[in-house]
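Notes follow the structure.
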Amino acid sequence: MSGTQFGKGCHLHLIDGSAFIFRAYHALPPLTRKSDGLPIGAVAGFCNMLQRYVEGNTGPDAPTHVAVIFDHSGKSFRNDLYDQYKANRPPAPEDLVPQFPLTREATRAFNIACKETEGFEADDIIATLACQARDAGGRVTIISSDKDLMQLVGDGVEMLDAMKNKRIDSDGVREKFGVGPDRVVDVQALAGDSVDNVPGAPGIGIKTAALLINEFGSLEELLDRAEEIKQPKRRQTLIEKREQIEMSKTLVQLDCEMALDFTLDELEVRDPDPEVLLGFLSEMEFRTLTKRLADQLGQEAPTIPETAAPAAQADLPEAPGFDVAEYTTVRDAETLQQWIDRIREHGYVAVDTETTGLDEMIADLVGICLCVTPGQACYVPLTHKAGNSGDLFGSDDLAEGQMPLEQALEMLKPVLEDDAILKIGQNMKYDAKIFVRNGIDVAPIDDTMLLSYALHGGLHGHGMDTLSERYLDHQPIPIKSLLGTGKSAITFDRVPIDEATPYAAEDADITLRLWQQFKPQLHQKQVTTVYETLERPLVPVLAQMERHGIKVDRDTLSRMSNAFSQKMAALESEIHELSGESFNVGSPAQLGEILFDKMSLPGGKRGKNGKYSTGADILEDLATEHELPARVLDWRQLSKLKSTYTDALQEHIHPETGRVHTSYLQTGANTGRMASSDPNLQNIPVRSEEGRRIREAFVADEGNVLLSLDYSQIELRILAHVAEIDALKQAFADGHDIHAMTASEIFDVPLDEMTSEIRRKAKAINFGVIYGISGFGLARNLRIPRGEAQGFIDRYFERFPGIRHYMDDTVNFAKEHGYVQTLFGRKIHTPEIAAKGPRASFAKRAAINAPIQGTAADVIRRAMVRMPEAIAHLPARMLLQVHDELIFEVPEGHVDETISVARKIMEGAADPAVHMDVKLVVDAGRGQNWAEAH
DNA sequence: GACATCACG
DNA sequence: GACGTACGTGATGTCC
176 MSGTQFGKGC HLHLIDGSAF IFRAYHALPP LTRKSDGLPI GAVAGFCNML QRYVEGNTGP
236 DAPTHVAVIF DHSGKSFRND LYDQYKANRP PAPEDLVPQF PLTREATRAF NIACKETEGF
296 EADDIIATLA CQARDAGGRV TIISSDKDLM QLVGDGVEML DAMKNKRIDS DGVREKFGVG
356 PDRVVDVQAL AGDSVDNVPG APGIGIKTAA LLINEFGSLE ELLDRAEEIK QPKRRQTLIE
416 KREQIEMSKT LVQLDCEMAL DFTLDELEVR DPDPEVLLGF LSEMEFRTLT KRLADQLGQE
476 APTIPETAAP AAQADLPEAP GFDVAEYTTV RDAETLQQWI DRIREHGYVA VDTETTGLDE
536 MIADLVGICL CVTPGQACYV PLTHKAGNSG DLFGSDDLAE GQMPLEQALE MLKPVLEDDA
596 ILKIGQNMKY DAKIFVRNGI DVAPIDDTML LSYALHGGLH GHGMDTLSER YLDHQPIPIK
656 SLLGTGKSAI TFDRVPIDEA TPYAAEDADI TLRLWQQFKP QLHQKQVTTV YETLERPLVP
716 VLAQMERHGI KVDRDTLSRM SNAFSQKMAA LESEIHELSG ESFNVGSPAQ LGEILFDKMS
776 LPGGKRGKNG KYSTGADILE DLATEHELPA RVLDWRQLSK LKSTYTDALQ EHIHPETGRV
836 HTSYLQTGAN TGRMASSDPN LQNIPVRSEE GRRIREAFVA DEGNVLLSLD YSQIELRILA
896 HVAEIDALKQ AFADGHDIHA MTASEIFDVP LDEMTSEIRR KAKAINFGVI YGISGFGLAR
956 NLRIPRGEAQ GFIDRYFERF PGIRHYMDDT VNFAKEHGYV QTLFGRKIHT PEIAAKGPRA
1016 SFAKRAAINA PIQGTAADVI RRAMVRMPEA IAHLPARMLL QVHDELIFEV PEGHVDETIS
1076 VARKIMEGAA DPAVHMDVKL VVDAGRGQNW AEAH
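The opening residue of the first sequence carries number 176 in this note's numbering; numbering runs sequentially from there.
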């Protein structure tokens, strides 16, 4: 056959590669390569399907030419026609993404042509090839079950559903669409397609569409003569939505005349090269398949070492030391293109951005580093300024030898947004936010900080320096050595490029090395699900919340600040008068001396630095003795509110957005909780009346409302579930007041005789249990004798013995394994549990608390991950998270629906991963400001 | 930079 | 039997 021109007698097979991939992915469990944990299930299934396909190619239907056609990642020309095209399609699963390039490799290993084209979908390539083959007089079989391809059937073109082994010809198409292949697009244009988000004509499905097309002959005829339609609603739709219908047709119409950079002749069937094919299969560690194909090809099967993972790691080629690393500066497009080519070859890249500051809402991009191989990284300087770091009046001109920013971004954008290329970073949320401000939506991503958090939570911090020293035995170049410290510190754009390159490139290099080490461990440590469902997908969600921010009214804060100042001044003179001397009220040391030495008040205890303690609890006790401590308490409250909130918050209002943009630290708390900083919006006052008014400054944008949805008693509910306390479960099921119920049980008081004082005690005990109760702690909290507190606890354990078992079991588990777990499988390490003395006591209480606090944290993370999609059809925005509460902003008209949708997501957040015996309940509030909404 | 204090869940 | 003690955070001001 070789050298024959495609024509009569030839038979072209066109395989829809994406359909193969997704079918393979869903048909197989999430297999990973044994030596390094690389996800490999879809590739395995894909190879099996290719093998079966090749094997079945005998007889009259055997092809002379064949190609596997893939969708090129990214957007197609249809997105230019309609930006919503395929917009509701969920992104590819994370563990599938790294497998996309491998399926291309597999195709080539089978020596089958493998084609994809940027800006076009696989369907268009298939259409163009099918038309070319048909016009040349050949026969075509499209191996796919995608109905969008049915318009191509006829004239020697057929489809084959490989799963059902069913051929589809013109009759088959007529069965499916009610019209012949030539009118399929007309029907699709009318019926639309919810999967691809093609709008079509509302209210018209395939049946009706076929009826209309058959009646009028064509879509154009139908639209021109729409007035003749009898049904008024249908007539109106067709007239009013004409433009939308015509646009839909252009979306579903496949392009048969694409300019291809290859010809049909190049698709001729070829035998695989045994060495290449078996090499690929054994590299993937497919034992069965390698052997089967080796037998078929009459070759000796290459041996695949039966290595356990840790041994395999030792087998990996030793990464070069950091001292011999090759770090280059990229100064022109040609060199950058070489790096981009390398990235595309690998299918992943470690990325790091250098910027002018730490606030990603304000900092500007200075340069980008890339790394695909340990020890080889590049730095692309973009906006470094001329003039050296020592020059105080450094020029604002750009330094020589840098690519134009726009050009570099334009070249990198397709790579950074490519679904098939994994972008690896350390704290990628930061870099992603910088990129968004430069018009690039980085995805998909992996994050070494989050990998470490999932793997090592509780063992150590997850910053780059810690990780590098710990896992790579390498101390990174300190940023201070480039920027200096304090007042004389410079910004990164003032660092000479020659100095910047080794620092920046090293960060990307470290990130890549960490990723190579951590990623396979997810599977071994059984935290893949935690990482994939609770950590990785949260990154874009948080990034969006942070970028959106919450509106804060400066005037409200400013007025309150002035009021606080006046009150403080009055209190201060009163305090000075009472003490008989002028001193700094804000100095605990000076206050302590006044109270306990000069005035000889009782209860003077010295802390570890030899100073008297003057904490609020001590001053409260002293308040019965003297007026002064009470005044100091008042002053302190105002001082706190003013400095931390009314004043500091104003500094955080973004000059352009007028909103406050906090930053969430996903790895902030060992338990799985997040932390908020710059500013911390998770500790805005609420407990005191005076403080709560601060929340009035957090307002909804014009025409909008703030919503607050919070989990009711989530930690106690989780405790009831994990400790299996039937009485508690029942109380939650019946909707009873849980603290009153507890009080009734342990103090033997009937519910109708309950007093607020008894209930308060029970509430303290309930919280105490969650925190790993001790007689001393409860006694201090309730200000009762220690013996009495211990009595309460004893009675509590008597009534709810399950609690004691839970505590003992949890501590024992921690001692045995070195960690405890949440219901979702998050591991929180407790290295101190083996310590002696008070440290062990701390660790025990932390171990008791962690699964409860951590499970609650996991629950709300699940809700947050699912929220954007759930509210996508609403003009609602999720703004803040405060541990068990989510804050939304939504136009007035959509309040009720938003509450109902968000509540459903939150209450169902544990499902289906975890079944809870106790239902989760969410309370909702609304208002013009946060005080009203809460 | 350590410490004390206090804001939140 | 003594140890110290509720769990998890971040921001601020003082003082060295």
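Idealized CB from N, CA, C, for every residue including glycine.
In this text the structure is predicted, and so the values were computed from the model without any measurement.
> Of all the options Ala1032, Leu926, Gly878, which has the alpha carbon lying nearest to the alpha carbon of glutamate 1067?
Replying inline: Gly878
> In the structure shown, what three-state DSSP assignment does proline 480 receive?
Replying inline: Coil, per DSSP.
> For leucine 397, which residues of its own chain have a beta-carbon under 6 Å away from its beta-carbon, when the five flanking residues on both sides are left out?
Replying inline: Leu387, Phe391
> Under the rule that 16 or more other beta-carbon atoms within 10 Å means buried, what is arginine 892, buried or exposed?
Replying inline: buried
> Looking at the unbroken alpha helix (DSSP H) that takes in serine 931, where does it start and where does it end?
Replying inline: 931-945
> Just checking my contact of glutamate 826 with threonine 731 at CB under 8 Å: how many whole Å lie between their CB atoms?
Replying inline: That pair is no contact at about 15 Å.
>> Can you find the residues in the same chain that come closer than 6 Å, C-beta to C-beta, to alanine 217, ignoring five residues on each side of it along the sequence?
In response: Ile196, Ala199, Tyr200, Leu271, Gln274
> Under 8 Å between the Cβ atoms of isoleucine 750 and tryptophan 690?
Replying inline: no
> Does the Cβ-Cβ distance between alanine 376 and glycine 353 come in under 8 Å?
Replying inline: no
>> For phenylalanine 975 and leucine 813, what's the separation of their Cα atoms in angstroms?
In response: 42 Å
> For proline 137 versus alanine 629, is the C-beta spacing smaller than 8 Å?
Replying inline: Shown here, the chain extends from 176 to 1109; a query on residue 137 therefore has no answer.
> How should glutamine 259 be labelled, buried or exposed, when 16 other C-beta atoms within 10 angstroms of its C-beta is the threshold for buried?
Replying inline: It is exposed - the Cβ of glutamine 259 has fewer than 16 other Cβ atoms within 10 Å.
>> Can you look up aspartate 490 in the DSSP assignment and give me helix, strand or coil?
In response: With a pLDDT of 44 at aspartate 490, under the threshold of 50, the predicted position of this residue should be treated as unreliable, though the coordinate-derived value follows. Correct three-state label for aspartate 490: helix.
> According to DSSP, is isoleucine 404 helix, strand or coil?
Replying inline: coil
> Is the region 516-534 close to the region 655-662, with three or more CB pairs under 8 Å?
Replying inline: no
> Bridge partners of phenylalanine 245, per DSSP?
Replying inline: Phenylalanine 245 pairs with nothing; no bridge assigned.
>> At 4 residues or longer, what runs of the alpha helix (DSSP H) sit wholly inside the region 751-837?
In response: Annotation note: the region 751-837 contains the following uninterrupted alpha helix (DSSP H) runs of length 4 or greater, listed N- to C-terminal: 763-767, 791-797, 802-815, 823-826.
> Counting along the chain, where does the beta strand (DSSP E) carrying glycine 600 start and finish?
Replying inline: 597-600
> If valine 1093 and lysine 904 are in contact, beta carbons under 8 Å, what's the gap, nearest whole angstrom?
Replying inline: Valine 1093 to lysine 904, Cβ: 5 Å. Contact.
>> Using CA atoms only, rank isn't needed, just tell me which of Glu403, Val1076, Leu808, Ile609 is closest to glutamine 719.
In response: Ile609
> DSSP on alanine 288, reduced to helix/strand/coil?
Replying inline: strand
>> Please classify threonine 703 as buried or exposed, where buried requires at least 16 other C-beta atoms within 10 Å of its C-beta.
In response: Buried, since its Cβ has 16 or more Cβ neighbours within 10 Å.
> Could you give the uninterrupted runs of the alpha helix (DSSP H) lying entirely in the region 574-618, keeping only those of 4 residues or more?
Replying inline: 580-591, 603-611
> With a CB to CB cut of under 7 Å and the five nearest residues on each side skipped, what residues in its chain are close to alanine 574?
Replying inline: Spatial neighbours of alanine 574 in its own chain (CB-CB distance under 7 Å, excluding positions within 5 residues in sequence) are listed in chain order as His559, Lys560, Ala561, Ile672.
>> Here's the rule: buried if 16 or more other CB atoms are within 10 angstroms of the residue's CB, otherwise exposed. What is aspartate 446?
In response: exposed
> By a C-beta neighbour count over all protein chains shown, 10 Å radius and 16 as the cutoff for buried, is isoleucine 414 buried or exposed?
Replying inline: exposed
>> Using only CA atoms, which one of Ser193, Gly220, Ile190 lies nearest to alanine 167?
In response: The displayed coordinates of the chain run from 176 to 1109. Any statement about residue 167 would go beyond what the structure contains.
> Three or more C-beta pairs closer than 8 Å, one from the region 427-435 and one from the region 356-375: is that the case here?
Replying inline: yes
>> To the nearest angstrom, how far is the alpha carbon of threonine 1073 from that of glutamate 1044?
In response: C-alpha of threonine 1073 to C-alpha of glutamate 1044: approximately 12 Å in a straight line.
>> Can you look up cysteine 306 in the DSSP assignment and give me helix, strand or coil?
In response: helix
> Among the residues of its own chain, which have a CB less than 7 Å from the CB of isoleucine 793, if the five just before and after it don't count?
Replying inline: Gly778
> Thinking C-alpha only, which one of Glu1107, Lys261, Ile420 is nearest serine 1161?
Replying inline: Residue 1161 lies beyond the range of the chain shown here (176 to 1109); nothing can be said about it.
>> Considering Cα atoms alone, identify which of Leu766, Ser762, Gly761 is closest to glycine 755.
In response: Leu766
> Measuring CA to CA, which of Leu709, Gly1012, Pro830, Gln1056 is closest to glutamate 269?
Replying inline: Leu709
> Over what stretch of residues does the alpha helix (DSSP H) that includes asparagine 254 continue unbroken?
Replying inline: 252-256
> cysteine 546 bridges to which residues according to DSSP?
Replying inline: Checking the DSSP bridge columns, you'll see cysteine 546 partnered with Ala525, Ala552.
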